[in-house]
Amino acid sequence: MDPLARHRLILNICVLLSVLFLPWWATIALMGAVLFSSERAFEVLFWGLLMDVLYGTPQPLFFNITFLFTFGAGAMFVLAFFIKRRLIFYS
Amino acid sequence: MRYSYRQPPKRARRTLHTSYTAIFLVAVLIVLILVQVFVPGFLSRIARQAAAPVWNSENRLTAGIGSLFEAMRSKQGLVEENRALEERVRVYDAQAAYIEALEEENKELKALLNQSRFDSLLLAPILRRPPATPYDTLIVDVGASGEARVGNRVTIGGSFVVGKLAAVEGSVGTVQLFSTPGVETDVLIGATSTSAVAIGQGSGNFLIRLPRELAVSVGDPVFLPSISPLILGEVREIEADTSDPFSTIRFTSPLSLQGMRFVEIVTDDREDPREIRENIERADPSSENMGTTTPNAIVP
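Residue numbers (the working numbering), protein chains in the order written: chain A, 1 to 91; chain B, 1001 to 1300.
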């Protein structure tokens, strides 16, 4: 197995475990790590959706939407895309 | 020597080339979101049913590790702790006898009004709690009996109310705490039962805006309007500014959810205000003339 792919797989397993057992901010940090460890880490969107599916309830503070983490993961993905485009590590 | 980690301008202008895989994954994600929106609970049920055994085993493992550490503590420490605990038990015994007498009296008074305090409570182990749950919710195991319903109140110790069941998927329930940011709850403050609206601030914290003239002081209990004294919190801080006709009252839940392993779900929510009113009138027809009397009036 390609070392990069193995690294990515391990990170994603860590994200899954953090979704189940760790505080939400640990999941966010690991999702950030996944985003910057590979070129296009689309899986973070699914981790965001899993957070919402498992724990989501309508939030009066955010217009009763239940997809805060999915949207947050989407925003992180777009932000990471533009940052990575400007860094030589990802050329 | 200075290094730059930025890509040369030509590369920076590289555009996003969409692959079929990316399009497929985004399409799947959109489909999943649509399923979650239009068939609420479908995905949640599957995910929570799958996660529940894992959470349950984590609880058992944590309890096992806790007992192991307990066993490893020094004997001397245990003897001292035992003495201190025995002393506390004596105090609690005396208090319990007093509470028991009060409860008995309370039960008799409610029986007179053809009311009973929750006949049926469902003990539910907490599977996940904040901060592991990002939305200030509790994930609880409601069992397979199907007694728990959306909207059931959730209490601790039968007297402290923490939230309501927001969803039930199989044996897993989601409790939305009253302290969820932005959630508004009607409450009564102190012995005078001052009505107010508490706004959740997250992590068991609440905020109330009230006219400064109203007599509220630090330490006053905050109740939910119901026939039983369900305590929501205790006033911790009152901010009053001479230039502001309103004061800001901050209160918190007296119990921390961190140390709790179980909550109780009130499955016989018989405290519908209309029903209570009817029961009072049935018990005492003369109360029809009482005009504005509400069950709140008998909340201590």
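Built from N, CA and C at the ideal position, the CB exists for glycine as well.
All values derive from a computational prediction rather than experimental measurement.
Continuous alpha helix (DSSP H) stretch holding residue i: start and end
i                       : result
residue 1246 of chain B : Counting along the chain, residue 1246 of chain B falls outside any alpha helix (DSSP H), though it belongs to the beta strand (DSSP E) covering 1246–1252.
residue 21 of chain A   : 3–21
residue 43 of chain A   : 43–55
residue 27 of chain A   : 24–37
Counterpart residues of residue i in DSSP-defined beta bridges
i                       : result
residue 1024 of chain B : Paired residue(s): none; residue 1024 of chain B is not in a bridge.
residue 1175 of chain B : B:1138 and B:1165
residue 1059 of chain B : DSSP output for residue 1059 of chain B lists no bridge partner at all.
residue 1202 of chain B : B:1205
residue 1048 of chain B : Beta-bridge pairing links residue 1048 of chain B to no other residue.
residue 87 of chain A   : B:1006
residue 1186 of chain B : B:1197
Reduced DSSP category for residue i - H, G, I as helix; E, B as strand; rest coil
i                       : result
residue 1211 of chain B : strand
residue 1039 of chain B : coil
residue 1124 of chain B : strand
residue 74 of chain A   : helix
residue 1195 of chain B : strand
residue 1087 of chain B : helix
residue 1054 of chain B : helix
residue 1234 of chain B : strand
residue 82 of chain A   : helix
residue 1004 of chain B : coil
residue 67 of chain A   : coil
residue 1031 of chain B : helix
residue 1068 of chain B : helix
residue 1221 of chain B : strand
residue 1144 of chain B : coil
9 Å Cβ cutoff, residue i in contact with chain A
i                       : result
residue 1060 of chain B : no
residue 1043 of chain B : yes
residue 1090 of chain B : no
residue 1139 of chain B : yes
residue 1096 of chain B : no
residue 1036 of chain B : yes
residue 1180 of chain B : yes
residue 1131 of chain B : yes
residue 1149 of chain B : no
residue 1167 of chain B : yes
residue 1258 of chain B : no
residue 1174 of chain B : yes
residue 1183 of chain B : yes
residue 1115 of chain B : Any reading at residue 1115 of chain B must be qualified, since the residue scores a pLDDT of 45, below 50, and its modelled position is unreliable; the value itself is stated next. Not one chain A Cβ lies under 9 Å of residue 1115 of chain B.
Min CB distance residue i to chain E below 9 Å
i                       : result
residue 1236 of chain B : Any reference to chain E falls outside this structure, whose protein chains are A and B.
Short CB-CB distance (under 9 Å) between residue i and chain B
i                      : result
residue 4 of chain A   : no
residue 32 of chain A  : no
residue 10 of chain A  : no
residue 21 of chain A  : yes
residue 79 of chain A  : no
residue 102 of chain A : The structure shown does not extend to residue 102 of chain A, since chain A is modelled only from 1 to 91, so the question has no answer here.
Residue i - containing beta strand (DSSP E), residue span
i                       : result
residue 1265 of chain B : 1262–1266
residue 1181 of chain B : Neither: residue 1181 of chain B is in no beta strand (DSSP E) and is coded neither H nor E.
residue 1153 of chain B : 1153–1156
**Prompt:** Mind listing which residues of the segment 29–54 of chain A have their C-beta closer than 7 Å to chain B's C-betas, in chain order?
**Reply:** Flagged, chain order: 40, 42, 45, 46, 49, 50, 51, 53 and 54.
Report task. Could you run through the segment 1019–1034 of chain B and flag, in chain order, every residue whose CB is less than 9 Å away from some CB of chain A? Result -> Correct list: 1019, 1021, 1022, 1025, 1026, 1028, 1029, 1032 and 1033.
So if I threshold CB-CB distances at 9 Å, which residues from the segment 1044–1055 of chain B count as touching chain A? Those residues of the segment 1044–1055 of chain B that come within reach of chain A (Cβ to Cβ, closer than 9 Å) are 1044, 1046, 1047, 1048, 1051, 1054 and 1055.
Exercise for review: Using a Cβ-Cβ cut-off of less than 8 Å, list which residues of the segment 1205–1222 of chain B approach chain A; keep chain order.
Suggested key: Contact annotation: in the segment 1205–1222 of chain B, no residue has its CB less than 8 Å from a CB in chain A.
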